[in-house]
Structure formats: structure tokens, C-alpha cells
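Those letters in the sequence shown? Residues 19 to 265, by my numbering. Every residue gets a Cβ at the ideal spot worked out from N, C-alpha and C, and that includes glycine. The structure appears right after this line, and notes come after that.
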Amino acid sequence: YLTIERAQCQKLGEINYGPPVTNVYSPVEYAAETHELYVRKFCTGTKEVLFLGMNPGPFGMAQNGVPFGDTEYVRNWMKIEGDVGRPLAEHPKRKILGLHCTRSEVSGQRFWGLFSSLCPSPETFFEHCFVHNYCPLAFLTSSGSNITPNKLPLEARRALHVCCDGALLSVLVLLRPKLVIGVGRYARERTLNALKGALGHDLVDWDMKVASVTHPSPASPRANKGWKDLALRELDQLGVLAYFDSP
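Structure representation (C-alpha cells):
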């Protein structure tokens, strides 16, 4: 898994993203210690369900290398510790503080808040599930605002999609999930697109479902009306909640 990610980061690092992107953060590299602890602790075999995020948020994975990584849940629930370095070109308005970051990642608060309420321990969640980001990089403008991969300039976006689709296929072959849940529509669409290009791949005869749940982002009006209840209904319809039933 880590080998796939490292190769993906190297290829993505060769893309010229152009304006309005001024800074590119690669937490898989500068937060390698905490990221690798997350992977070695919780990605120990094949999974029934893969939750797929888009890319690192500025106060979550960009800070500590954990998808949807709100500091409180990474430190206190997952018990992940470690030193975090700095990106090659750090934006003065988006400093990397690692596990000392005090700003909340709202998406991560909502995401891990839900699963920590359903699961007595992180091990219960990760026994059958894993969380992976489609793109491991975060992109910033000169003002420090976040640019998601779907908002990148066309040429850069196409190059990113080629790289990330291929890496996602490799992750799917490795983890063999029966269900991929895109957190938001973009992640679902990229999964379907990657699978379309999988002819000749050993995924072809593999019975895997692809679905999505509403993204917990504070930029989503639907999420702000009560994401937890909405996500519970969506996960129940997908049959996922059964994985978290206490024995």
C-alpha cells in the first residue's frame, strides 16, 4: 500500500499544476511517520469496505497524514502519535503544526465522530473498513485557500486523473473491497472511471459495488442540516452498519 502511494506521489510531483496553484502539500511524504503508523496499524489485510475521500483537507490529513484527520480523533481515538515535518514550500497562512494543530477539520470531526459513536474502538471500524484518499496532495492558492482536484486547470486535472485512477486500481487489487463508498460524488465518479479503464486488469470479473455518501464538508448545505443522521440512513441502505454491530 505504501509503495503504491509513494509511486503515486512521485508521479503527481512531476505535473505542472500552473496558476492558480502556488503551493502543493504532500503529507504522505512530510507526515510519513504518522501516516505510516495509520497504515501499519489499520491496513493489515483485505477489507470489505473502502471509504474513498477526495484529497487532504488543510486542517486534517494535510496536518497529520490521516484521511479526514481531525486532530482530536487522530490523537485520542486512533492513538496515533509522531513527529510531522514541513512541506517543501509552506504557505505562511497554512502552516503545518502536525498533531499540535488546534483548528478543527469539520469534515473529519463529522466523519470520525460518526464512526467513533458506532464503534467501541477504532479496531472495530478498521476490521472491515479502511479510509483512503483518491489524491494524496493538497493544493493552495496565493491567498492560502484550498483548491480541490476537480477545480484544477484542465490539463493538470487530466494528468492527475490518469495518475490517481491507476493508483486507485492498484489499491483496489490489493485491498479487494466488496464495496467502495465515495465520500462525495467526485470520489464515486473517479472510482467508476478507473474501473472502466480496468479491462485486462484482474478486477474485471470481480463483484464490487460502488456507491457514495454525502460529503460531510461544511461547504455542503445538506451536510450542515444534520450530516450524521443523513449518513446513517445512507450507510444503512448500503448494509454497512451491520459491520459495526457489537458481538
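Original post:
With DSSP run on the structure shown, which of helix, strand or coil describes Gly200?
Top reply: Reduced to three states, the DSSP call for Gly200 is strand.
**OP:** Please classify Cys147: does DSSP put it in a helix, a strand, or coil?
**Re:** Three-state DSSP puts Cys147 in a strand.
**OP:** Return helix, strand or coil for Ala156, following the three-state DSSP convention.
**Re:** It is a strand residue.
Original post:
If you drop the 5 nearest sequence neighbours on each side, which residues of the same chain put their C-beta closer than 6 Å to that of Leu74?
Top reply: The displayed chain sequence assigns Pro, not Leu, to residue 74. If the five residues before and after Pro74 are omitted, its C-beta is found closer than 6 Å to the C-beta atoms of Pro45, Ala80 and Ala156, all from its own chain and listed in chain order.
Original post:
Looking at the unbroken alpha helix (DSSP H) that takes in Ser134, where does it start and where does it end?
Top reply: Under the DSSP assignment, Ser134 falls in the alpha helix (DSSP H) whose first and last residues are Val124 to Leu136.
Original post:
Under the DSSP definition of a beta bridge, which residues are partnered with Lys227?
Top reply: In the DSSP output, where bridge partners are listed per residue, Lys227 has Leu197.
**OP:** Report yes or no: do the region 226-241 and the region 106-113 share at least 3 C-beta pairs separated by less than 8 Å?
**Re:** The region 226-241, when compared against the region 106-113, does not touch it at the 8 Å Cβ threshold.
**OP:** Count the C-beta pairs between the region 52-63 and the region 127-135 that are closer than 8 Å, then say yes if the count reaches three, no if not.
**Re:** As far as the Cβ criterion goes, the region 52-63 does not touch the region 127-135, which means the pair count is below three.
Original post:
Once you ignore the five residues that flank Val231 on each side, which residues in its own chain have a CB closer than 7 Å to its CB?
Top reply: Ile199, Val201, Ala249, Glu252 and Leu253.
**OP:** Would you check if the distance between the CB atom of His317 and the CB atom of Glu66 is smaller than 8 Å?
**Re:** The first residue shown for the chain is 19 and the last is 265, placing residue 317 beyond what the model contains.
Subject >> Cβ contact check for the region 82-99 and the region 119-128: 3 or more pairs under 8 Å >> reply: They touch, by the three-pair rule.
**OP:** May I ask which residues mark the beginning and end of the beta strand (DSSP E) holding Tyr43?
**Re:** Segment Asn41 to Tyr43, the beta strand (DSSP E) holding Tyr43.
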